[in-house]
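*Asks:* Residues in the sequence shown are numbered consecutively from 1, following full-length UniProt numbering.
One structure follows; several queries about it will come next.
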Amino acid sequence: AAEAARRGVGECTFSALGPGAHLKPHCGSTNTRLTLHLPLIVPDGPCSIRVGQESRTYREGEVMVFDDSFEHEVWHEGGEGERVVLLMRFWHPDIAPKQYAQAQHHAKESLMLHKRNVHLPPLQPTK
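Here's what the structure looks like:
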């Protein structure tokens, strides 16, 4: 995370998951980054994550770092209260400077395409 801050690249957000919620299996777009989960609030009852073939139960204050290009899913089977984690994404520390520049360029292009697609006006029917 410190390296991400030095490079000026990364993402930091809070993720809240309510009782009974399940984030279905999904994969990140690249293995050039790592994802960190720091559980801040973990209610009673199972709140877990599976990355690849490995499952872990969230425990307050216990950091998990994983490559989100592997299939992963999250579930909250507890009865009350939200599970809240601080989620950070940062460049993989093993990326060489040339790879980092390519990955950064790709990330910027993807973001620009996403923003452009989000703001495109709806297509008008042809007559």
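Cβ atoms here follow ideal geometry from the backbone N, Cα and C, with glycine treated the same way.
None of these values were measured; they are calculated from a predicted model.
Given this structure, state the Cα-to-Cα distance separating L34 from K24, to the nearest angstrom.
*Replies:* Here residue 34 refers to the residue found at position 34 when the sequence shown is read from its first residue. Here residue 24 refers to the residue found at position 24 when the sequence shown is read from its first residue. The straight-line gap from Cα to Cα measures roughly 19 Å.
*Asks:* If we ignore side chains and look at the alpha-carbon of each, how far apart do G78 and R50 end up?
*Replies:* Translated into positions along the sequence shown, residue 78 becomes position 78. Translated into positions along the sequence shown, residue 50 becomes position 50. One C-alpha to the other measures close to 16 Å.
*Asks:* Alpha carbon to alpha carbon, how far is Q53 from P125?
*Replies:* Start at 1 with the first residue of the sequence shown, and residue 53 comes out as number 53. Start at 1 with the first residue of the sequence shown, and residue 125 comes out as number 125. Q53 and P125: Cα-Cα distance of roughly 48 Å.
*Asks:* Counting Cβ pairs, one atom from each stretch, are 3 or more of them under 8 Å apart for the segment 35-48 and the segment 71-86?
*Replies:* yes
*Asks:* Which full runs of the beta strand (DSSP E) of 3+ residues lie inside the UniProt domain "Aspartyl/asparaginy/proline hydroxylase" (6-93), going along the chain?
*Replies:* Within the UniProt domain "Aspartyl/asparaginy/proline hydroxylase" (6-93), the complete beta strand (DSSP E) runs of at least 3 residues are 11-17, 22-26, 33-41, 47-51, 54-57, 64-66, 72-76, 83-91.
*Asks:* Run the CB neighbour count on M88, radius 10 Å, all protein chains shown included, and call it buried at 16 or more, exposed below.
*Replies:* As a first step, residue 88 must be located in the sequence shown, where it is residue number 88. That one is buried.
*Asks:* Looking at the structure shown, is A101 part of a helix, part of a strand, or coil, going by DSSP?
*Replies:* In the sequence shown, the residue the question calls residue 101 occupies position 101. In this structure, A101 counts as helix in the three-state DSSP scheme.
*Asks:* Apart from the five residues just before and just after G18, which ones in its own chain have a Cβ nearer than 7 Å to its Cβ?
*Replies:* Position 18 of the sequence shown, counting from 1, holds the residue named residue 18. Cβ within range, chain order: H76, E82.
*Asks:* So which of G61, A16, V85, Y100 has the shortest CA-CA distance to N31?
*Replies:* As a working note, residue 31 is residue 31 in the sequence shown. The option with the nearest alpha carbon to N31 is Y100.
*Asks:* Could you check the C-alpha separation between K108 and G45 for me, to the nearest Å?
*Replies:* The sequence position of residue 108 within the sequence shown is 108, counting from 1. The sequence position of residue 45 within the sequence shown is 45, counting from 1. Distance between the alpha carbons of K108 and G45 is about 40 Å.
*Asks:* Which same chain residues, not among the five before or five after F70, have their C-beta less than 6 Å away from its C-beta?
*Replies:* Along the sequence shown, read from residue 1 onward, the residue named residue 70 stands at position 70. These residues qualify, in order along the chain: V51, G52.
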